[in-house]
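Undergrad: One structure follows; several queries about it will come next.
Chains as they are written, first to last, in this note's numbering: chain W, 1 to 114; chain B, 1001 to 1581.
See below:
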């Protein structure tokens, strides 16, 4: 498992600085976007679509890195590789790990907004 | 497109990313930097937006649904055409192959996630500078291309004008062969030939210093003067003086025209040649004896009128003799080793002439085998003029152009030329000009000129100067005759030659009466059978006069000659009818 932090405080502060009033919108967008991505990962898994799974994980990884959630980004990166290598057998556990990590990130982010 | 060259205005940036949060971050970042941003969720939308409203810089996520970044990049580059639209891939890709594919698809750079606003700003600025530089270069290239195209079009038009003014005249005469470079529009070489109204022709071979437009502009007045004066009957020396004076006035210092003027008289079988700065010409006698025609003058356009010497060298010839004149291009034709053809090789190439080869072909073949190129690729101008029987050249002077103006029909004029002007001035062009004002006489310029010239020459040489035409029948005497003529002319005083011209209309056309009187001591005009008698008309001239005029009469002990010349409407109409078909 990764030892990266759940949230990168420094990155978040900078984003706050850049986004100003729109920081809330950004966070909410990210949360909504991420829920969709997880749903998409699950459906790709059901349809045994390794390519779709990998691409979805790749995009999710990008937005996690950008928002300052490096541990979640790392999990997505592993899922992307598994998809690319057609190792979907391991993927269900990965999606679970991603989802649980995301819940944690989401909770922290929501606290951050208050 | 419509953007100005200033780099201060906000850039229009198109971004495409399927991740809403990433897109939001990037859009906000770029807006904070002062740019206008449009965004798309996938490649297809991005291409659509680009097609509709364009963009200065495009940022594309590599992996997107519907159409990925690489395919979108190819479309956008194609749409941008010649414009440089920097294309930056947004990526969290890490393997080298994928990054290379992005560049191969037309990407110019990458931005990796997470975004760093300092790096984004630096990259946007760097690419904007590149974009502006590219646009400036493209703009300059377009300007140069347009100018060049415009220049070529203008040159084409100028060439048509040039060709009309500096046409080749009677270079198509059967006794002339020539090679002139057809390659460059304006190579600085000129070659003109013009029939003289009384038979014979003038040929001008010239080589302007420099090439291109300046040389062509200099050539235009040369052509105008050459054709204008020659067809009015001026002598070679007169033409040279006028051209020289004109070129002195119009050419900048350091620019001039090396030239040779040839006045060929097939009737008298003589050549008069003036060579100013051209390579030696060669006169090839029928018996293969060569005579060099060296340059004895500075080029045209160098000396002012007072110091300019327009005296032409006289060469006695026979039919079958050939004159070769050439420009420096012949001497300077290079072979593969950079050696020049040169005078010696020209002479050696003429050895073939004794084998029955024409001098022109011999020299052209010599150049060709030396350079290994076709002579068309060189600036070579070579002229060959063969002396021929006058009768073989009938029709050459038909092309002479006359003024289109209507003129007077009933007139009378007296023109007297005296003393020193007898030496310096020929009244023939002026008198011919006066006669040519009559439309019905315009097509008769050759005959009228011959009448005037014979009368004047006889009045001057035999009447005033008292020279004997007997001398001209032997080569020695020929030279003596002209030397004596020069000497006597310088000393002439208290003499005159007077022309009285009268023109009236008749029922069937018109009648021109020419009276020529001189101050000489006269000759026995009754003894017309005495061909070549002492100080009399030469038989040939007299016969010519009788053939052309309706009546020829002498009076006052031979110092007064009168010729009546009739012309008919029917002849003029027939002539014009021919010309119009």
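Note that beta-carbon positions come from the ideal geometry of N, C-alpha and C, so glycine has one too.
Tell me the rounded alpha-carbon separation between residue 1180(B) and residue 1361(B).
TA: Those two C-alpha atoms are separated by around 14 Å.
Undergrad: Suppose you measure from the CA of residue 1562(B) to the CA of residue 1517(B); what does that come to, to the nearest Å?
TA: One C-alpha to the other measures close to 9 Å.
Undergrad: Cβ of residue 1314(B) within 7 Å of Cβ of residue 1482(B)?
TA: Yes, these two residues count as a Cβ contact at 7 Å.
Undergrad: Do residue 1040(B) and residue 1016(B) have their C-beta atoms closer together than 7 Å?
TA: Contact: yes.
Undergrad: Relative to chain W, which residues along the segment 1102–1120 of chain B have a C-beta separation below 8 Å, given in chain order?
TA: Hits within the stretch, in order: 1113, 1114, 1115, 1117.
Undergrad: Taking the alpha-carbon of residue 1208(B) as reference, which of 1316(B), 1259(B), 1192(B), 1164(B) has the nearest alpha-carbon?
TA: When only C-alpha atoms are compared, the closest one is 1259(B).
Undergrad: Just the chain W side, please: which residues come within less than 7 Å of residue 1019(B) by C-beta, in chain order?
TA: Ordered by position in chain W, the residues that pass the 7 Å Cβ test against residue 1019(B) are 33, 59, 62, 63.
Undergrad: How about residue 1463(B) and residue 1520(B): do their beta carbons lie closer than 7 Å?
TA: Yes, the pair counts as a contact, with Cβ atoms nearer than the cut-off.
Undergrad: Whole-angstrom Cβ separation of residue 1171(B) and residue 1191(B), contact assumed at under 8 Å?
TA: Going by Cβ atoms, the distance from residue 1171(B) to residue 1191(B) rounds to 7 Å, so yes, they are a contact pair.
Undergrad: My output table needs one value for residue 1336(B): the three-state DSSP class, helix, strand or coil.
TA: Coil at residue 1336(B), not helix or strand.
Undergrad: Have a look at 1037(B), 1139(B), 1067(B) and flag the residue whose alpha-carbon is nearest the alpha-carbon of residue 1058(B).
TA: The residue with the shortest Cα to Cα distance from residue 1058(B) is 1037(B).
Undergrad: Note the first and the last residue of the continuous beta strand (DSSP E) segment covering residue 1418(B).
TA: From DSSP, the beta strand (DSSP E) with residue 1418(B) extends over 1411–1418.
Undergrad: Mind checking which residues open and close the beta strand (DSSP E) that includes residue 1281(B)?
TA: Here the beta strand (DSSP E) through residue 1281(B) covers 1281–1284.
Undergrad: Residue 1049(B): which of 1020(B), 1012(B), 1031(B) sits nearest, CA to CA?
TA: Nearest of 1020(B), 1012(B), 1031(B) to residue 1049(B), Cα basis: 1012(B).
Undergrad: CA-CA distance, residue 1347(B) and residue 1222(B)?
TA: Distance between the alpha carbons of residue 1347(B) and residue 1222(B) is about 30 Å.
Undergrad: Which residues share a DSSP beta bridge with residue 1168(B)?
TA: The partner list for residue 1168(B) (beta bridge, DSSP) is empty, contrary to what the question assumes.
Undergrad: If residue 1278(B) sits next to residue 1202(B), beta carbons under 8 Å apart, how far is it from one beta carbon to the other, in whole angstroms?
TA: Their Cβ separation, rounded to whole angstroms, is 16 Å, which puts residue 1278(B) and residue 1202(B) out of contact at 8 Å.
Undergrad: Beta carbons nearer than 7 Å to chain W: which residues of the segment 1013–1039 of chain B have them?
TA: So the close ones are 1018, 1019, 1020, 1021, 1022, 1024, 1025, 1028, 1029, 1032.
Undergrad: Going along the segment 78–109 of chain W in order, which residues come within less than 9 Å of chain B, judged by CB to CB distance?
TA: Answer set for the segment 78–109 of chain W: empty.
Undergrad: Could you name the residues of the same chain whose beta carbon sits closer than 7 Å to that of residue 1134(B), not counting the 5 residues immediately before and after it, in chain order?
TA: Taken in chain order, the residues that qualify are 1084.
Undergrad: Give a yes or no on whether 7 Å exceeds the smallest Cβ distance from residue 1063(B) to chain W.
TA: Yes, its Cβ sits closer than 7 Å to a Cβ of chain W.
Undergrad: Checking 7 Å against the spacing of the C-beta atoms, do residue 1383(B) and residue 1325(B) come in under that value?
TA: Their beta carbons are under 7 Å apart, which means residue 1383(B) touches residue 1325(B) by this criterion.
Undergrad: Does DSSP classify residue 1290(B) as helix, strand or coil?
TA: Three-state result, residue 1290(B): strand.
Undergrad: Quick one: which chain B residues come within Cβ less than 8 Å of residue 22(W)?
TA: What residue 22(W) touches in chain B: 1024, 1028.
Undergrad: List the residues of chain B that residue 15(W) touches, going by C-beta distances under 8 Å, in chain order.
TA: In chain order: 1025.
Undergrad: Taking the alpha-carbon positions, what's the residue 1249(B) to residue 1132(B) distance?
TA: Answer to the nearest angstrom: the Cα atoms are 49 Å apart.
Undergrad: Consider the Cβ of residue 56(W): report whether some Cβ of chain B lies at a distance smaller than 7 Å.
TA: With 7 Å as the cut-off, residue 56(W) does not count as an interface residue toward chain B.
Undergrad: Can you list the residues of chain B that residue 26(W) reaches, using a CB-CB cut of under 7 Å?
TA: Here the neighbours are 1021, 1024, 1025.
Undergrad: Per DSSP, what kind of secondary structure is residue 1502(B) in: helix, strand or coil?
TA: Looking at residue 1502(B) - three-state DSSP - the assignment turns out to be strand.
Undergrad: May I have the straight-line CA-CA distance separating residue 1389(B) from residue 1152(B), to the nearest angstrom?
TA: Each residue's alpha carbon lies about 45 Å from the other.
Undergrad: Answer with buried or exposed for residue 1349(B), where buried requires no fewer than 16 other C-beta atoms within 10 angstroms of its C-beta.
TA: So residue 1349(B) counts as buried.
Undergrad: Which partner residues does residue 1146(B) have in the DSSP bridge list?
TA: Answer is none; residue 1146(B) lacks a bridge partner.
Undergrad: Are three or more beta carbon pairs between the segment 1432–1439 of chain B and the segment 1490–1497 of chain B nearer than 8 Å?
TA: Verdict: no, contact absent.
Undergrad: With a threshold of 16 other CB atoms inside 10 Å of the CB of residue 1010(B), please say whether the residue is buried or exposed.
TA: With fewer than 16 Cβ atoms within 10 Å of its Cβ, residue 1010(B) is classed as exposed.
Undergrad: Among all the DSSP beta bridges, which residues are the ones paired with residue 1316(B)?
TA: Note: residue 1316(B) sits in a beta bridge opposite 1270(B).
Undergrad: Using the beta-carbon of each residue, which ones in chain B are nearer than 9 Å to residue 67(W)?
TA: Going along chain B in sequence order, the residues near residue 67(W) (Cβ under 9 Å) are 1021, 1022, 1025, 1114.
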